[in-house]
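In what follows, a structure is listed as structure tokens, so that the remarks can point back to it.
Residue numbers (full-length UniProt numbering): 1 to 520.
As structure tokens, this is what we get:
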């Protein structure tokens, strides 16, 4: 191409910078970007029917691929529709490059119906935001966006593209810009942490971010084995490697009561790649901070630093001759009888395929999943980092595109599934190897639990009605089949096992509607 318009220079620069997948839900302002895809065939465009699927897929892709995907969203409302899963991506420190189409610069003065303050909405993500002013700047802005998204530890970068900057001639490509790499933790900090570990007082080590991968887990296990400290992974890690052959580091509990029990009696909390834990919500009469009163918090490494290297440096001081304790292989026995909260996880643990990626949004139905899968073949778990539900199905889309040779298992609660159910259509369209198990209890069980925990009186029929998603019951088999995904229904452990075996053995997407009674 000798003459480029702005959209062509944007896509070419993205591809040259390593961004070769774009999850899209375009509108009129983005039509020149759409047209430019045929001139840059290296860019894979993936259509989704809702912007929350677009942004969630970009999150899932980057968590697995280790590099950003692009999104293509239509003006402020399109960005707004995708905001919940961008919030999750922000909390996961996921690199995402948003391309938001805007009205032509000369058209904005007329306050057309879709006019809005895109910059303000994008700014709420606390990432990087830039607006391309001229066609000749688009390529350089795109390269800057990719670099900004990958600046350690990763963030959401948003490039706002006015329509006339997109269709204008005179576009220029730009060479990739190297992102900032994680900072090394200084030797003084490492020594101070080693001294705390040797103090003889009760210590807990809380790891997160990149420390939840193999190197960080092994270093953490060595420290635990040598010093006897407690160790926990953050409650909702972006990507946790686990299974046979890796250290099994317990996750900090979601419930404030559980986390306080786990940390009870400690005098020191060391954090690496995360922050000191706080309660997800405020509860009457309970503190927001979960670190025991009087305990000291010590920061080994922040999320933007090289956390695994910091843990390895500490291990070299306190556990030089200590090997990590690795989880041995082991699977639950296949259960029988009607499905329950206790037994469905044993089916997954017994049959989880090699090298799987679990996208976990099982919520209350999945409390026993970690124990059931601890000794399963090595796998990754992606979790709901920001608490904005409706992340599971879209993240599974992105994970499957990032790792097409790995089976993706989406464990999905029924209420959360309905937020972004159209992700199934994209799974069918792209023929993605995703097995979705919907835990169907016809209730917002998590909210039933929270109603009790906040001390609200919820015995009345009108209150109960807002936490019940039956009447009519959701038929996920029909919903999935209507979007082109083969689906079955399981009411017993035997049925779930048979259907799960078949689903993971066959290529393409599948859904199992599993009738699991609510925990509460």
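Where a beta carbon is used, it is the ideal one built from N, C-alpha and C, also for glycine.
Asked	Found
What are the complete beta strand (DSSP E) segments, minimum 3 residues, inside the region 380–430?	408–413
Residue 526 to residue 441, Cα distance in whole Å?	With the chain running from 1 to 520 in the structure shown, residue 526 is simply not present.
For a test of the three-state rule: what should DSSP assign to residue 75, helix, strand or coil?	helix
Looking at residue 382: is its Cβ nearer than 7 Å to the Cβ of residue 239?	yes
Who are the Cβ neighbours of residue 398 in its own chain at under 8 Å, not counting the five residues just before and after it?	23, 56, 57, 58, 59, 60, 61, 62, 63, 64, 69
Measure the Cβ-Cβ separation of residue 190 and residue 318 and say whether it is below 7 Å.	no
With DSSP collapsed to three states, give me the class of residue 269.	strand
Classify residue 361: buried if its beta carbon has 16 or more other beta carbons within 10 angstroms, exposed otherwise.	buried
Which residues does DSSP pair with residue 98 in a beta bridge?	71, 158
Is any heavy atom of the ligand ZN found at a distance shorter than 6 Å from the C-beta of residue 49?	The model on display carries no ligand, and the ligand ZN is accordingly not part of it.
Just the C-alpha distance for residue 177 and residue 496, rounded to the nearest angstrom, thanks.	49 Å
Quick one: residues in its chain with C-beta nearer than 7 Å to the C-beta of residue 354, no 5 flanking neighbours on either side, listed in chain order?	377
Just to check my reading of the structure: residue 533 and residue 87 have Cβ atoms closer than 8 Å, yes? What is that Cβ distance to the nearest angstrom?	Here the chain covers residues 1 to 520 and nothing more, so residue 533 does not appear.
Can you give me the start and stop residues for the beta strand (DSSP E) that residue 230 sits inside?	230–233
Could you tell me which whole alpha helix (DSSP H) segments of length 4 or greater appear in the region 242–318?	256–262, 307–318
I'd like to confirm the pairing. Which residues does DSSP put opposite residue 439 in its beta bridges?	413, 514
Quick one: give me the first and last residue of the beta strand (DSSP E) that residue 24 is part of.	21–24
Using a 10 Å radius around the Cβ and a threshold of 16 neighbouring Cβ atoms, would you call residue 336 buried or exposed?	exposed
Compute the Euclidean distance between the alpha carbons of residue 241 and residue 365, then round it to the nearest angstrom.	21 Å
Sorted by chain position, which residues of the same chain lie with C-beta nearer than 7 Å to residue 1's C-beta, five sequence neighbours on each side aside?	Low per-residue confidence applies at residue 1: pLDDT is 44, beneath 50, and the placement is therefore not dependable, though the value from the model is reported in the following sentence. Closer than 7 Å at Cβ, skipping near neighbours: 8, 39.
Determine the burial state of residue 444: buried for a count of at least 16 other Cβ atoms within 10 Å of its Cβ, exposed for fewer.	buried
Taking the alpha-carbon positions, what's the residue 131 to residue 31 distance?	18 Å
When DSSP labels each residue in this structure, what does residue 479 get in the three-state scheme?	helix
Among 310, 352, 340, which residue has its Cα nearest to the Cα of residue 330?	352
Is it true that the region 407–425 meets the region 43–57, where meeting means three or more beta-carbon pairs spaced less than 8 Å apart?	yes
Can you tell me which of the three DSSP states residue 149 falls into?	helix
Kindly identify the DSSP beta-bridge partner or partners of residue 468.	443
Counting only beta-carbon atoms, is residue 395 nearer than 7 Å to chain D?	The structure shown has no chain D; it contains just one protein chain.
If residue 500 and residue 438 are in contact, beta carbons under 8 Å, what's the gap, nearest whole angstrom?	12 Å between Cβ atoms; not a contact.
Rounding to the nearest angstrom, what Cα-Cα distance links residue 473 and residue 509 in this structure?	23 Å
In chain order, what residues of the same chain have a beta carbon less than 7 Å from the beta carbon of residue 326, not counting five sequence neighbours either side?	245, 246, 247
On the criterion of 16 or more Cβ atoms from any shown chain inside 10 Å, does residue 343 qualify as buried, or is it exposed?	buried
Taking residue 400 as the reference, give the member of 380, 26, 386 with the closest Cα.	380
DSSP three-state call for residue 338: helix, strand or coil?	strand
Using the beta-carbon count (16 or more within 10 Å), is residue 431 buried or exposed?	exposed
Can the beta-carbon of residue 210 be found closer than 7 Å to that of residue 308?	yes
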